[in-house]
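Reviewing the structure listed below.
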Amino acid sequence: MKTFNIVPNIPPELEPLKEISFNLWHVWNPDAITLFMRIDRKLWESCNHNPVLMLGRLSQEKLNELVHDEGFMLFLEKVYSDFKRYVDNKNFFQYSLGVNKDFKIAYFSAEFGINDSIPNYSGGLGVLAGDHLKSSSDLNVPLIGVGLMYQQGYFRQYLTPDGWQQETYPENDFHNMPMKLVKNGDGNPLTVSVKVGDRNVYVRVWKLEVGRVSVYMLDTNNQMNSDEDRKITDQLYGGDIEHRIKQEIILGIGGVRVLDALGIQPAVYHLNEGHSAFATFERVRILIEKHGLTFEEARLFVQHTTVFTTHTPVPAGNDVFPPELISKYFSVYISELGLSPEQFLSFGRVNPFDKQEGFCMTVLALKNSAFANGVSRLHGKVSRNMWKGLYPHIDVEEVPIKHITNGVHIPSWISLDLATLYSRYLGPQWAEDPDNEKIWERALDIPDEELWRTHERRRERLVAFVRRRLVKCLKRKGARQSEIMKAKQVLDPEALTIGFARRFAAYKRAYLIFKDPDRLDKILNNPEKPVQIIIAGKAHPKDMEGKEIIKNIVQIAREERFRKKIVFIEDYDINVARYLVQGVDLWLNNPRRPLEASGTSGMKASANAGLNLSVLDGWWDEAYNGENGWAIGSGEEYDDLEYQDEVESRAIYDLLEKEIIPLFYTRGDDKLPHEWIERMKINLKTICGFFNTHRMVEDYMEKFYLKGAEHFFSLGQNGFEGLKNLLAWKKKIDTNWHNVRILESEFLGERESLIRTPLGCRVKVDLAGLTPEDIVVEAYFGKLDANGKLSEFQIEKLENVKQIDSTVYEFSGEITVEKTGRFGLRFRIRPVNLNLEDSLSLTYIKWDD
1 MKTFNIVPNI PPELEPLKEI SFNLWHVWNP DAITLFMRID RKLWESCNHN PVLMLGRLSQ
61 EKLNELVHDE GFMLFLEKVY SDFKRYVDNK NFFQYSLGVN KDFKIAYFSA EFGINDSIPN
121 YSGGLGVLAG DHLKSSSDLN VPLIGVGLMY QQGYFRQYLT PDGWQQETYP ENDFHNMPMK
181 LVKNGDGNPL TVSVKVGDRN VYVRVWKLEV GRVSVYMLDT NNQMNSDEDR KITDQLYGGD
241 IEHRIKQEII LGIGGVRVLD ALGIQPAVYH LNEGHSAFAT FERVRILIEK HGLTFEEARL
301 FVQHTTVFTT HTPVPAGNDV FPPELISKYF SVYISELGLS PEQFLSFGRV NPFDKQEGFC
361 MTVLALKNSA FANGVSRLHG KVSRNMWKGL YPHIDVEEVP IKHITNGVHI PSWISLDLAT
421 LYSRYLGPQW AEDPDNEKIW ERALDIPDEE LWRTHERRRE RLVAFVRRRL VKCLKRKGAR
481 QSEIMKAKQV LDPEALTIGF ARRFAAYKRA YLIFKDPDRL DKILNNPEKP VQIIIAGKAH
541 PKDMEGKEII KNIVQIAREE RFRKKIVFIE DYDINVARYL VQGVDLWLNN PRRPLEASGT
601 SGMKASANAG LNLSVLDGWW DEAYNGENGW AIGSGEEYDD LEYQDEVESR AIYDLLEKEI
661 IPLFYTRGDD KLPHEWIERM KINLKTICGF FNTHRMVEDY MEKFYLKGAE HFFSLGQNGF
721 EGLKNLLAWK KKIDTNWHNV RILESEFLGE RESLIRTPLG CRVKVDLAGL TPEDIVVEAY
781 FGKLDANGKL SEFQIEKLEN VKQIDSTVYE FSGEITVEKT GRFGLRFRIR PVNLNLEDSL
841 SLTYIKWDD
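For reference, each letter of the sequence shown is one residue, going 1 to 849 in full-length UniProt numbering.
Right, dumping it as structure tokens:
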């Protein structure tokens, strides 16, 4: 079949409009959004805010009319000027490398949630990835995105009459989306080949522009592939485990090959979750093939230039493939790496000697990355506990998984009304510099009346949106006219409005506020102080428990007493999320602690001056200060889950009845809830400056990206001379380490000493052929708990060195204790090298007996 494309006939005067349409900068620029709304607001909404599709649907008469609309053309000129100024500003990120060279960061993610015009996301992971791209663009971080382009995206949700979730999979029309097919030098689509099992699969590439950041999306749905292989990139998180491994082969291995085919050589690779961890092996293979490195050399280089972010707080949430599936899809690839099957499998196992253990993508990512992190302070702790089996020689607190708390791209989630208010009172820099906490301190200066009236307008628009959405949904289902009329009357635009929207995984406990319907009835239907709840969210198609929760909530909402007070919005997406976080008064979040890795929806509500009512889990465990929202409980964790549900549902009702509702409805003579507004302002002041993706991306830059880039240059220059020297040193350590031992250790302080008194230490070590420069001797000390175990530990290096004989050295130094109590002290030695990341030295530690 011969194929061809039809494109809009855009007048030359409107070419700038077309250029803006194909760059997703328009997603977070208020003037660009206004520009498209001015063309045809209804069409803009019906096209899911997709300007490429909208331009294709405009009549030629309308296009010509725009050309002759002087006001529109002047506004277009202004927006286009802003756009060009933004994308053409190539000033490099303000941090400089020790070696002054430009570099690229490849950011791999299985999903990207940039806007509802590109439905290529399922939930928080993808939306976070999208916000990561946007902040990288704003900050001029040299990031490149790599992902999969799904023909059907994630499923669309609708409910049966009894509330049971059903799924549909409409196809995405890639040619009417803001992206372009990547072509090679002869004008044909760029194609890379990836062996999947016994077949070559051919991958095409779509390019998205997100401000200054380019994103390359891989697509197997083309005529060069079999019908089976065309479906590899059909659905996000669809299919069985075999379908999943095929997708992850395409993402990881195919993604690296695409960058290679484009001539892009990133210095650092960032794996957003373990789905793309096969990329580490492909990088090893290319280094072996192109540069003649050994497997060991190539892997050491890859480790030092790879960042891995885990988002999963429970072992069951990680992708684990049976060994036989790995053998089926990697038999040829394993030989190309020069490994045996068992060697290959060992990289995905906690215990490499357990032949029954599956191949875990998170384990692979951790073993092949020198830099790893969880996505909140609490999640970092949870992750260290989860993966301590990979590091048996160190305490759990030292497991090399740090934390970088998630954030949100604030300009993408703020309502236009509020953006105008912020520009007036916070200053014009709030959008460009949202991580400047001093800017958010000015929130206290916003007049109560202006902040409240702006928020009330957003609540009114939320209610109007929900009613429209309900009516549209009912009409699609052929509902009676009486039902449609009732839908137009749900909710009260002046009532205290609670929002709850997220994936319907069981641990998120969407049912919790509905646990006692009679008590909830009294809360919602108080005629003097009315309250209402808006809910949205999807359960995974195979999650029957999640679907049952949705069904039960929908049935409660359909009871006559709740019909106007509780609304479930079908088919949750970014657009629904935006209306919700911009319009609710209170954002409810009640996961089972500590199972919420971070959560970002509450941050979006906070940025819109909404208040949070949440369990102290994920980000809220860091953000809550007693004045900027409310906490459900005090961070307790329970063994009896039914009892936990009972306790925490009552806590929600108590907080609503005794604190939240009275505060909201306590009005001054001017009818304003001044104490509630004060909380809104404190929320803005204390939350927005930290919980944003500008701060998050800067954290990645400072903690990981710059270090990885420095390794890329220092280890890779002069034919990988630095890498080969490091590996030679590492082999020296491997050869001699079993003979290295601590001969004696002494604590020279008194049994009882005064606080902050320097306390002497001395350790005698047999280095067995190593030099003092090869190792570090450390005092490891901390408070002793009731069981005699060290906690709140500190580490001090013993720097004074004296040679005793040919292989024996004495290391001495002092420690200073800043607290009182009962303390314990141990000594240890580990290898150290300027070019070796500390996280990769922790497997060598030896302790004094």
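Here a beta-carbon is modelled for each residue, glycine too, at the ideal position from N, C-alpha and C.
Cβ-Cβ distances below 6 Å link Phe-465 to Tyr-579 in the same chain, with the five nearest sequence neighbours on each side left out; the list follows chain order. Note: Thr-306 is bridge-paired with Tyr-269 in the DSSP secondary-structure output.
7 Å or more divides the Cβ of Val-615 from the Cβ of Gly-499.
It is roughly 13 Å from the alpha-carbon of Leu-418 to the alpha-carbon of Pro-428. In terms of Cα proximity to Tyr-705, the closest of His-304, Ile-742 and Glu-570 is His-304. By DSSP's assignment, Tyr-202 forms a beta bridge with Ser-193. Our two residues, Lys-180 and Gly-153, have alpha carbons roughly 17 Å apart in a direct line.
The way I'd put it, the segment 159-167 doesn't touch the segment 52-68; fewer than three beta-carbon pairs between them come closer than 8 Å. Inclusion of Ile-245 and Phe-321 in the CB contact set at 7 Å is warranted, their separation being smaller than that value. In the three-state reduction of the DSSP assignment, Ile-815 falls in the strand class.
Taking the Cβ atoms as the reference, Asp-448 lies roughly 54 Å from His-243, outside the contact range of under 8 Å. For Ala-279 and Phe-103, the gap between their C-alpha atoms comes out near 19 Å. Going by DSSP, Ile-533 is part of the beta strand (DSSP E) stretching over 531-536.
With a 10 Å radius around the Cβ and a threshold of 16 neighbouring Cβ atoms, His-540 comes out buried.
Between Leu-159 and Glu-570, the C-beta gap is smaller than 7 Å, which places the two residues in contact. Taking the Cα of Val-382 as reference, the smallest distance to any Cα among Ala-370, Lys-62 and Glu-398 is reached at Glu-398. For Thr-280, the enclosing alpha helix (DSSP H) covers residues 278-291. Val-210 is the residue among Phe-75, Val-210, Glu-171 and Asn-200 whose C-alpha sits nearest the C-alpha of His-26. Taking 7 Å as the cut-off, the Cβ atoms of Leu-586 and Leu-611 count as close.
Per DSSP, the unbroken beta strand (DSSP E) holding Trp-630 starts and ends at 629-632.
A residue is called buried when at least 16 other Cβ atoms come within 10 angstroms of its Cβ; Lys-547 meets this threshold and is buried. Excluding residues up to 5 positions away in sequence, Leu-520, Asn-552, Ile-553 and Ile-556 lie with their Cβ nearer than 8 Å to the Cβ of Phe-514 in the same chain. Under the three-state reduction of DSSP, Ser-601 is assigned to helix. Here the alpha carbons of Asp-219 and Ala-261 stand approximately 15 Å from one another. Pro-400 and Ala-372 have their alpha carbons spaced roughly 7 Å apart.
When the beta-carbon positions are compared, Arg-593 and Asp-617 come within less than 7 Å of each other.
Just measuring C-alpha positions, the residue of Gly-263, Phe-174, Asp-198 and His-175 sitting nearest Val-332 is Asp-198. Here DSSP, grouped into helix, strand and coil, assigns Gly-255 to helix.
Within the segment 491-558, the runs of alpha helix (DSSP H) that reach at least 4 residues and sit entirely inside it are, in chain order, 517-524 and 544-557. For Arg-762, DSSP records a beta bridge to Glu-746 and Ser-812. Within the same chain, and ignoring the five residues on either side of Thr-686 in sequence, the residues whose Cβ sits closer than 7 Å to its Cβ are Asn-625 and Asn-628. Secondary structure of Leu-143 (DSSP, three-state): strand. The continuous stretches of beta strand (DSSP E) do not include Met-680, which lies in the alpha helix (DSSP H) extending over residues 674-687.
Taking all protein chains in view, the Cβ of Phe-112 is crowded by 16 or more other Cβ atoms within 10 Å, so the residue is classified as buried. By DSSP's assignment, Thr-168 forms a beta bridge with Arg-156. About 43 Å separates the Cβ atoms of Trp-440 and Leu-759, ruling out a contact at the 8 Å cut-off.
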